[in-house]
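In what follows, a structure is listed as structure tokens, so that the remarks can point back to it.
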Amino acid sequence: MTILFFGVLGALVWNGTSENGTLRKSTSIEPNWAAIAAWPNLNSSSVEAQPDPNRRVTAIVLDDSGSMSKDMHDAKQAVIGALDAMKDDDRVAVVALNSGTVLPFASVAEAKSDLPALLSPIVSDGGTPLTRAIRSAQDLLEAEAAAVRGFGTFRLIVTTDGVADDSEALDAEIETLATSTPIQVTTIGIGIEGGHVLRRADLGSFVDVSNVAALQSALEAAVAENTDFSAITEFGGQGE
């Protein structure tokens with residue numbers, strides 16, 4: 002499992018293999034600190050009076066492509082189950098690759114109540130438009146950050162079982178996101194073999210799970226990450 006965290010005062014890049022979950026620390030790309038300091042680049046008409054700097058704001062991208070047909074139910078249940086690893090007053094949104102925004106940002110407590118019904122009609126169909134979905138999730142995160150004046154930890158967690166429809170566009174999108182915003186990027190790959198642009202350890206975190214049965218454990222580990230720069234040093238989800 003790999004961990005990437007861009008904080009206000011520094012950057013940590015964790016690079017490792019997913020076979021035994023062991024992490025090793027390395028240095029790589031240089032963040033664009035001017036762009037990070039200027040983020041979010043939006044004005045909000047509704048600004049929180051006393052934003053909580055310890056709040057975690059997480060957008061989850063759910064793969065609902067056609068290749069997920071036999072695993073769609075379990076993938077939805079994994080996202081729902083991962084909410085239990087979050088604090089009730091943290092914020093969460095869910096975006097599906099083909100269905101679009103399933104849950105706009107809400108408190109985790111609200112999501113626990115609303116998300117099961119919102120996910121119920123989602124079916125696996127279509128391609129793997131990761132770039133479009135990640136842009137949508139990033140827009141949601143930026144708007145949420147504008148409302149709290151950038152206070153908090155902002156995270157993007159992507160689940161996918163395949164290569165993006167437009168890998169070159171995705172590569173550019175992830176590079177810009179990782180170097181120019183404080184958003185933490187984590188990808189959970191379900192049974193992916195070979196190369197994938199989201200495997201780039203200098204741009205984000207990537208963890209392999211062999212099948213969807215291990216997805217919930219991986220999601221729970223990702224969303225439970227602390228904000229104090231401590232990192233998970235081992236991952237062993239069931240079904241791997």
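Numbering (our numbering), first residue to last: 2 to 241. The beta carbon of each residue, even a glycine, is placed where N, CA and C say it ideally should be.
Taking 6 Å as the limit between beta carbons, can you name the residues of its chain near residue i, skipping five residues before and five after?
i: ILE158; result: ILE61, THR187 and ALA223
i: ILE37; result: PRO183
i: ASP167; result: THR132
i: ALA138; result: ALA60, VAL62, VAL96 and LEU157
i: ASP172; result: VAL198
i: ALA79; result: LEU216, GLN217 and LEU220
i: ARG57; result: ASP91 and THR154
i: PRO130; result: LEU98 and ASP166
i: THR102; result: VAL96
Throw me the rounded Cβ distance for the residue i and residue j pair, which I believe falls under 8 Å.
i: GLY153; j: ASP65; result: Between ASP65 and GLY153 the Cβ distance is about 28 Å, and since that is not below 8 Å, they are no contact.
i: ILE189; j: VAL208; result: 6 Å
i: VAL210; j: LEU216; result: 6 Å
i: SER108; j: ASP85; result: Not confirmed; about 14 Å, so no contact.
i: SER125; j: GLY67; result: 6 Å
i: ALA118; j: PHE106; result: Not really, about 17 Å apart at Cβ, beyond 8 Å.
i: ASN77; j: LEU120; result: Reading off the sequence shown, one finds Lys at residue 77, where the question assumed Asn. LYS77 to LEU120, Cβ: 4 Å. Contact.
i: SER100; j: ILE123; result: 5 Å
In the DSSP assignment, what are the bridge partners of residue i?
i: ARG133; result: In DSSP, ARG133 forms no bridge with anything.
i: ASP209; result: GLY190
i: VAL198; result: Note: VAL198 sits in no beta bridge, so no partner.
i: ARG57; result: THR154
i: GLN139; result: Answer is none; GLN139 lacks a bridge partner.
i: LEU63; result: ALA97
i: VAL224; result: Partner(s): none; VAL224 has no beta bridge.
Between residue i and the rest of its own chain, which residues show a CB-CB distance below 7 Å, the 5 nearest in sequence each way excluded?
i: LEU43; result: GLU143, ALA144 and ALA147
i: VAL48; result: ALA148 and ARG150
i: LEU178; result: GLN139, ILE184 and VAL186
When the cut-off is 8 Å and only beta carbons count, does residue i lie next to chain D?
i: GLY127; result: Given the protein chain composition of this structure (a single chain), no chain D is represented.
Report the residue ranges of all beta strand (DSSP E) runs contained in full by the stretch 70-118; include only those spanning at least 3 residues, in chain order.
92-97 and 101-108
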